[in-house]
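Last residue of the sequence shown: 348 (this note's numbering), numbering continuous.
Right, one structure below, let's go through it.
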Amino acid sequence: MDIRENLNQIGEEMRQELEGVDGLQALDALRVKVLGKKGSLTALLRGMGQVSPEERPRMGQLINEARERFTALLDEKQREFAEKEKEWRLQKEAIDVTEPRDLPLIGAEHPMNLVLKEVLDCFTSMGFSVVEGPEIELDLYNFELLNVPKNHPARDAQDTFYIDDNVVLRSQTSPVQARTMLTQKPPIRIVCPGRVFRADEMDATHSPVFHQIEGLVIDRDVTMADLKGTLDAFAKRLYGSDIDVRFRPSFFPFTEPSAEVDLTCVNCHGKGCRVCKGTGWIEVLGSGMVNPKVLEMCGIDSSVYSGFAFGIGLERITMLRYGIKDLRLLYEGDLRFLKQFR
(Lines of atoms letter the chains of each structure in order from A and count residues from 1; the text may use other names and numbers.)
(Lines give C-alpha, C1' and ligand atoms only; values in the text may rest on other atoms or scores of the structure.)
Protein backbone atom coordinates (compact mmCIF):
# COMPACT_ATOMS: atom_id res chain seq x y z
CA MET A 1 0.00 0.00 0.00
CA ASP A 2 1.27 3.52 -0.87
CA ILE A 3 2.24 5.85 2.01
CA ARG A 4 -0.51 8.27 1.02
CA GLU A 5 -3.12 5.53 1.18
CA ASN A 6 -1.88 4.55 4.65
CA LEU A 7 -2.10 8.12 5.86
CA ASN A 8 -5.55 8.59 4.31
CA GLN A 9 -6.77 5.39 5.95
CA ILE A 10 -5.41 6.44 9.39
CA GLY A 11 -7.02 9.87 8.95
CA GLU A 12 -10.40 8.45 7.94
CA GLU A 13 -10.45 5.99 10.84
CA MET A 14 -9.52 8.77 13.25
CA ARG A 15 -12.34 11.04 11.96
CA GLN A 16 -14.89 8.24 12.33
CA GLU A 17 -13.78 7.57 15.90
CA LEU A 18 -13.80 11.32 16.66
CA GLU A 19 -17.52 11.42 15.92
CA GLY A 20 -18.15 8.84 18.63
CA VAL A 21 -15.84 10.36 21.27
CA ASP A 22 -17.95 11.50 24.24
CA GLY A 23 -15.36 12.92 26.62
CA LEU A 24 -11.82 14.00 27.32
CA GLN A 25 -10.82 10.53 28.52
CA ALA A 26 -11.90 8.89 25.23
CA LEU A 27 -10.22 11.69 23.28
CA ASP A 28 -6.92 11.11 25.08
CA ALA A 29 -7.17 7.38 24.28
CA LEU A 30 -7.65 8.20 20.58
CA ARG A 31 -4.68 10.60 20.64
CA VAL A 32 -2.48 7.84 22.08
CA LYS A 33 -3.82 5.35 19.52
CA VAL A 34 -2.81 7.57 16.60
CA LEU A 35 0.09 9.72 17.82
CA GLY A 36 1.44 7.77 20.81
CA LYS A 37 4.66 5.73 20.97
CA LYS A 38 2.78 2.66 19.77
CA GLY A 39 0.33 4.60 17.61
CA SER A 40 -0.46 3.95 13.96
CA LEU A 41 1.32 7.09 12.74
CA THR A 42 4.41 6.29 14.77
CA ALA A 43 4.44 2.79 13.24
CA LEU A 44 4.77 4.35 9.77
CA LEU A 45 7.78 6.35 10.95
CA ARG A 46 9.45 3.22 12.24
CA GLY A 47 8.95 1.55 8.89
CA MET A 48 11.00 4.20 7.10
CA GLY A 49 14.13 2.11 7.61
CA GLN A 50 12.89 -0.20 4.83
CA VAL A 51 12.43 2.70 2.43
CA SER A 52 15.13 3.69 -0.05
CA PRO A 53 17.18 6.77 0.89
CA GLU A 54 15.72 8.67 -2.06
CA GLU A 55 12.13 8.18 -0.82
CA ARG A 56 12.72 8.92 2.87
CA PRO A 57 12.56 12.75 2.68
CA ARG A 58 9.23 12.66 0.84
CA MET A 59 7.78 10.07 3.27
CA GLY A 60 8.99 12.04 6.27
CA GLN A 61 7.39 15.20 4.93
CA LEU A 62 4.07 13.45 4.27
CA ILE A 63 4.01 11.88 7.75
CA ASN A 64 4.85 15.21 9.47
CA GLU A 65 2.12 16.99 7.51
CA ALA A 66 -0.32 14.27 8.52
CA ARG A 67 0.76 14.56 12.16
CA GLU A 68 0.00 18.30 12.10
CA ARG A 69 -3.46 17.70 10.56
CA PHE A 70 -4.32 14.94 13.04
CA THR A 71 -3.07 17.02 15.99
CA ALA A 72 -5.16 20.00 14.84
CA LEU A 73 -8.29 17.83 14.62
CA LEU A 74 -7.70 16.37 18.08
CA ASP A 75 -6.97 19.82 19.58
CA GLU A 76 -10.13 21.28 18.06
CA LYS A 77 -12.18 18.45 19.59
CA GLN A 78 -10.49 19.04 22.95
CA ARG A 79 -11.41 22.75 22.82
CA GLU A 80 -15.04 21.80 22.13
CA PHE A 81 -15.10 19.56 25.19
CA ALA A 82 -13.41 22.25 27.33
CA GLU A 83 -15.98 24.84 26.23
CA LYS A 84 -18.88 22.49 26.97
CA GLU A 85 -17.42 21.67 30.39
CA LYS A 86 -17.02 25.39 31.13
CA GLU A 87 -20.66 26.06 30.21
CA TRP A 88 -21.82 23.13 32.33
CA ARG A 89 -19.77 24.33 35.31
CA LEU A 90 -21.06 27.90 34.97
CA GLN A 91 -24.64 26.63 34.94
CA LYS A 92 -24.04 24.34 37.88
CA GLU A 93 -22.28 27.00 39.99
CA ALA A 94 -24.52 29.90 38.98
CA ILE A 95 -25.80 32.07 41.84
CA ASP A 96 -29.30 33.46 41.69
CA VAL A 97 -28.68 37.03 42.86
CA THR A 98 -32.43 37.64 43.00
CA GLU A 99 -32.98 34.93 45.62
CA PRO A 100 -33.71 36.52 49.04
CA ARG A 101 -31.08 35.83 51.68
CA ASP A 102 -30.67 36.62 55.36
CA LEU A 103 -28.47 39.68 55.68
CA PRO A 104 -25.26 39.09 57.67
CA LEU A 105 -25.07 40.69 61.09
CA ILE A 106 -22.83 43.74 60.83
CA GLY A 107 -21.21 45.04 63.99
CA ALA A 108 -20.77 48.66 64.99
CA GLU A 109 -18.66 50.65 67.39
CA HIS A 110 -20.14 51.09 70.86
CA PRO A 111 -21.53 54.60 71.40
CA MET A 112 -19.06 55.18 74.27
CA ASN A 113 -16.16 54.26 71.98
CA LEU A 114 -17.48 56.66 69.35
CA VAL A 115 -17.58 59.51 71.86
CA LEU A 116 -14.24 58.54 73.45
CA LYS A 117 -12.57 58.63 70.04
CA GLU A 118 -14.00 62.08 69.35
CA VAL A 119 -12.97 63.41 72.77
CA LEU A 120 -9.41 62.11 72.38
CA ASP A 121 -9.23 63.56 68.86
CA CYS A 122 -10.29 66.90 70.30
CA PHE A 123 -7.64 66.98 73.02
CA THR A 124 -4.80 65.53 70.94
CA SER A 125 -5.48 68.25 68.36
CA MET A 126 -4.81 70.74 71.20
CA GLY A 127 -1.45 69.13 71.97
CA PHE A 128 -2.44 66.67 74.70
CA SER A 129 -0.90 63.20 74.94
CA VAL A 130 -2.97 60.15 75.89
CA VAL A 131 -1.63 58.31 78.97
CA GLU A 132 -3.04 55.21 80.70
CA GLY A 133 -2.33 53.54 84.04
CA PRO A 134 -3.20 50.50 86.19
CA GLU A 135 -6.74 49.87 87.37
CA ILE A 136 -5.46 48.20 90.57
CA GLU A 137 -3.69 51.08 92.27
CA LEU A 138 -1.68 51.89 95.37
CA ASP A 139 -3.33 54.06 98.01
CA LEU A 140 -0.32 56.38 97.62
CA TYR A 141 -1.27 57.35 94.07
CA ASN A 142 -5.04 57.10 94.41
CA PHE A 143 -5.26 59.28 97.55
CA GLU A 144 -2.16 60.52 99.34
CA LEU A 145 -0.37 62.23 96.44
CA LEU A 146 -3.69 63.84 95.50
CA ASN A 147 -3.89 65.65 98.86
CA VAL A 148 -6.19 63.06 100.45
CA PRO A 149 -4.15 61.62 103.36
CA LYS A 150 -5.36 58.82 105.60
CA ASN A 151 -8.22 59.90 107.91
CA HIS A 152 -8.92 62.91 105.67
CA PRO A 153 -12.68 63.68 105.75
CA ALA A 154 -12.80 63.69 101.95
CA ARG A 155 -12.23 59.94 102.03
CA ASP A 156 -15.65 59.49 103.55
CA ALA A 157 -17.14 60.58 100.24
CA GLN A 158 -15.18 57.92 98.35
CA ASP A 159 -16.88 54.54 98.55
CA THR A 160 -13.73 52.72 97.49
CA PHE A 161 -13.10 49.04 96.79
CA TYR A 162 -10.11 48.12 99.00
CA ILE A 163 -8.03 45.04 98.19
CA ASP A 164 -5.99 45.64 101.34
CA ASP A 165 -4.94 48.68 103.41
CA ASN A 166 -2.61 49.95 100.68
CA VAL A 167 -4.14 48.62 97.45
CA VAL A 168 -7.44 49.73 95.90
CA LEU A 169 -9.41 49.58 92.70
CA ARG A 170 -8.80 53.12 91.51
CA SER A 171 -11.73 55.43 92.20
CA GLN A 172 -10.67 57.93 89.50
CA THR A 173 -8.01 58.18 86.80
CA SER A 174 -6.21 60.93 88.75
CA PRO A 175 -3.49 58.44 89.88
CA VAL A 176 -2.25 58.49 86.28
CA GLN A 177 -1.71 62.23 86.69
CA ALA A 178 0.26 61.70 89.91
CA ARG A 179 2.43 59.04 88.26
CA THR A 180 3.09 61.35 85.31
CA MET A 181 4.08 64.29 87.51
CA LEU A 182 6.52 62.07 89.40
CA THR A 183 8.24 60.81 86.26
CA GLN A 184 7.96 63.69 83.80
CA LYS A 185 9.18 67.27 84.07
CA PRO A 186 6.93 70.15 82.98
CA PRO A 187 5.57 71.12 80.58
CA ILE A 188 2.93 68.38 80.93
CA ARG A 189 -0.23 68.17 78.85
CA ILE A 190 -2.04 64.81 79.12
CA VAL A 191 -5.47 63.19 79.10
CA CYS A 192 -6.04 59.93 80.99
CA PRO A 193 -8.99 57.78 79.83
CA GLY A 194 -9.86 54.61 81.72
CA ARG A 195 -12.18 52.47 83.79
CA VAL A 196 -12.74 53.33 87.45
CA PHE A 197 -14.58 51.68 90.36
CA ARG A 198 -16.78 52.92 93.20
CA ALA A 199 -19.16 51.06 95.48
CA ASP A 200 -22.38 52.39 93.94
CA GLU A 201 -25.62 50.54 93.36
CA MET A 202 -26.52 50.02 89.71
CA ASP A 203 -29.41 52.22 88.57
CA ALA A 204 -30.33 54.55 85.72
CA THR A 205 -27.57 57.06 86.62
CA HIS A 206 -25.01 55.10 88.70
CA SER A 207 -22.74 52.10 88.22
CA PRO A 208 -19.98 50.49 90.32
CA VAL A 209 -17.86 50.43 87.15
CA PHE A 210 -17.69 53.46 84.87
CA HIS A 211 -15.24 55.47 82.77
CA GLN A 212 -13.47 58.78 83.16
CA ILE A 213 -11.33 61.00 80.97
CA GLU A 214 -9.15 63.25 83.11
CA GLY A 215 -6.90 66.01 81.85
CA LEU A 216 -3.82 67.71 83.31
CA VAL A 217 -1.75 70.68 82.18
CA ILE A 218 1.37 71.84 84.09
CA ASP A 219 3.50 74.70 82.77
CA ARG A 220 4.63 78.22 83.55
CA ASP A 221 1.91 80.88 83.89
CA VAL A 222 -1.06 78.52 83.48
CA THR A 223 -4.26 80.23 84.66
CA MET A 224 -7.96 79.57 85.16
CA ALA A 225 -8.53 81.29 81.81
CA ASP A 226 -6.53 78.54 80.09
CA LEU A 227 -8.73 75.94 81.77
CA LYS A 228 -11.94 77.63 80.69
CA GLY A 229 -10.69 78.14 77.12
CA THR A 230 -9.73 74.47 76.87
CA LEU A 231 -13.08 73.22 78.16
CA ASP A 232 -14.96 75.70 75.97
CA ALA A 233 -13.16 74.36 72.88
CA PHE A 234 -13.94 70.81 73.99
CA ALA A 235 -17.66 71.56 74.54
CA LYS A 236 -18.08 73.27 71.18
CA ARG A 237 -16.25 70.44 69.37
CA LEU A 238 -18.47 67.78 70.96
CA TYR A 239 -21.89 69.48 71.11
CA GLY A 240 -21.85 72.46 68.73
CA SER A 241 -20.72 76.06 68.41
CA ASP A 242 -23.73 77.44 70.36
CA ILE A 243 -22.72 75.62 73.58
CA ASP A 244 -21.32 77.79 76.37
CA VAL A 245 -19.38 76.84 79.52
CA ARG A 246 -20.23 78.04 83.04
CA PHE A 247 -18.06 77.60 86.16
CA ARG A 248 -19.51 77.26 89.67
CA PRO A 249 -17.33 77.22 92.81
CA SER A 250 -16.80 73.78 94.33
CA PHE A 251 -14.28 71.78 96.36
CA PHE A 252 -11.88 69.02 95.36
CA PRO A 253 -8.78 68.15 97.44
CA PHE A 254 -6.71 67.86 94.28
CA THR A 255 -7.47 71.40 93.02
CA GLU A 256 -7.67 74.91 94.52
CA PRO A 257 -9.66 76.84 93.45
CA SER A 258 -12.11 74.23 92.16
CA ALA A 259 -15.17 74.49 89.95
CA GLU A 260 -18.09 72.45 88.74
CA VAL A 261 -18.51 72.95 85.00
CA ASP A 262 -21.94 73.34 83.40
CA LEU A 263 -22.71 73.34 79.70
CA THR A 264 -25.62 74.88 77.86
CA CYS A 265 -28.32 72.19 77.80
CA VAL A 266 -27.78 70.22 74.61
CA ASN A 267 -31.47 69.29 74.54
CA CYS A 268 -33.06 72.76 74.64
CA HIS A 269 -29.96 74.89 73.94
CA GLY A 270 -30.50 77.04 77.00
CA LYS A 271 -34.25 77.61 76.75
CA GLY A 272 -35.14 75.36 79.69
CA CYS A 273 -36.56 71.85 79.49
CA ARG A 274 -37.21 68.66 81.47
CA VAL A 275 -33.62 67.47 80.96
CA CYS A 276 -32.06 70.59 82.52
CA LYS A 277 -34.98 71.07 84.94
CA GLY A 278 -35.76 74.42 83.40
CA THR A 279 -32.35 75.99 84.12
CA GLY A 280 -30.89 75.84 80.62
CA TRP A 281 -27.65 74.31 82.03
CA ILE A 282 -26.40 70.77 82.63
CA GLU A 283 -23.61 69.84 85.05
CA VAL A 284 -20.99 67.84 83.18
CA LEU A 285 -17.60 67.75 84.92
CA GLY A 286 -15.34 68.93 87.73
CA SER A 287 -12.19 70.99 87.33
CA GLY A 288 -9.80 73.45 88.95
CA MET A 289 -6.24 74.69 89.35
CA VAL A 290 -3.89 71.99 90.62
CA ASN A 291 -3.34 72.44 94.36
CA PRO A 292 0.24 73.72 94.99
CA LYS A 293 0.58 71.08 97.72
CA VAL A 294 -0.01 68.36 95.10
CA LEU A 295 2.67 69.86 92.87
CA GLU A 296 5.17 69.91 95.74
CA MET A 297 4.40 66.29 96.76
CA CYS A 298 5.08 65.25 93.15
CA GLY A 299 8.40 67.12 93.04
CA ILE A 300 7.28 70.15 91.01
CA ASP A 301 8.19 73.66 92.21
CA SER A 302 4.84 75.43 92.74
CA SER A 303 6.56 78.83 92.77
CA VAL A 304 7.58 78.30 89.14
CA TYR A 305 4.83 76.10 87.72
CA SER A 306 1.05 76.05 87.90
CA GLY A 307 -1.54 73.92 86.23
CA PHE A 308 -5.14 72.86 85.83
CA ALA A 309 -6.97 69.53 85.89
CA PHE A 310 -10.42 68.31 84.92
CA GLY A 311 -12.40 65.07 85.02
CA ILE A 312 -15.06 64.03 82.53
CA GLY A 313 -17.47 61.12 82.95
CA LEU A 314 -17.55 59.27 79.62
CA GLU A 315 -20.98 57.75 80.27
CA ARG A 316 -22.36 61.17 81.17
CA ILE A 317 -21.27 62.92 77.98
CA THR A 318 -22.28 59.92 75.85
CA MET A 319 -25.80 59.98 77.30
CA LEU A 320 -26.03 63.71 76.62
CA ARG A 321 -24.67 63.30 73.10
CA TYR A 322 -27.24 60.70 72.07
CA GLY A 323 -30.15 61.51 74.37
CA ILE A 324 -29.82 58.23 76.31
CA LYS A 325 -31.92 58.25 79.50
CA ASP A 326 -30.74 55.07 81.24
CA LEU A 327 -27.06 54.33 81.97
CA ARG A 328 -27.74 50.58 81.99
CA LEU A 329 -28.40 50.58 78.25
CA LEU A 330 -24.69 51.22 77.71
CA TYR A 331 -23.75 47.97 79.49
CA GLU A 332 -26.49 45.47 78.66
CA GLY A 333 -25.31 44.68 75.11
CA ASP A 334 -28.86 44.76 73.70
CA LEU A 335 -28.53 44.63 69.89
CA ARG A 336 -31.79 46.52 69.49
CA PHE A 337 -30.10 49.45 71.22
CA LEU A 338 -26.58 49.12 69.80
CA LYS A 339 -27.55 48.72 66.14
CA GLN A 340 -28.84 52.32 66.18
CA PHE A 341 -25.21 53.49 66.22
CA ARG A 342 -24.05 51.84 62.99
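Idealized CB from N, CA, C, for every residue including glycine.
- When the five nearest sequence neighbours on each side are left out, the beta carbons in the same chain lying within less than 8 Å of the beta carbon of Ile-169 are those of Ile-142, Leu-175, in order along the chain.
- Leu-109 carries a coil assignment under DSSP once its states are collapsed to helix, strand and coil.
- Per the DSSP secondary-structure output, Gln-218 pairs in a beta bridge with Gly-200, Gly-319.
- Ile-194 carries a strand assignment under DSSP once its states are collapsed to helix, strand and coil.
- Classified as exposed, Arg-21 has fewer than 16 neighbouring CB atoms from the shown chains inside 10 Å of its CB.
- At a Cβ-Cβ threshold of 8 Å, Ile-194 and Ile-224 count as neighbours.
- About 7 Å separates the CB atoms of Leu-79 and Leu-24; that is less than 8 Å, so the two are in contact.
- The DSSP-derived three-state label of Met-295 is strand.
- For Asp-170, the enclosing beta strand (DSSP E) covers residues 168-170.
- For Asp-232, the CB contacts under 8 Å within the same chain, skipping 5 residues up- and downstream, are Val-223, Phe-314 in chain order.
- In the DSSP annotation of this structure, the continuous segment of the beta strand (DSSP E) that includes Glu-262 starts and ends at 261-270.
- Under the three-state reduction of DSSP, Val-173 is assigned to strand.
- In the structure shown, Asp-225 adopts extended strand secondary structure according to DSSP, grouped into three states.
- Between Val-296 and Ile-323, the beta carbon gap of about 22 Å keeps them out of contact (Cβ cut-off 8 Å).
- Excluding residues up to 5 positions away in sequence, Val-197 lie with their Cβ nearer than 6 Å to the Cβ of Phe-129 in the same chain.
- Taking a 10 Å sphere around the C-beta of Val-267, we find 16 or more other C-beta atoms and assign the residue as buried.
- Of the candidates Ser-46, Lys-242, Val-103, Ser-46 places its Cα closest to the Cα of Gln-15.
- Annotation: Arg-226 to Phe-240 spans about 22 Å, alpha carbon to alpha carbon.
- Taking all protein chains in view, the Cβ of Ile-101 is surrounded by fewer than 16 other Cβ atoms within 10 Å, so the residue is classified as exposed.
- Close CB contacts of Ile-318 within its chain, under the 6 Å cut and outside five residues either way in sequence, are with Ile-219, Leu-291 (chain order).
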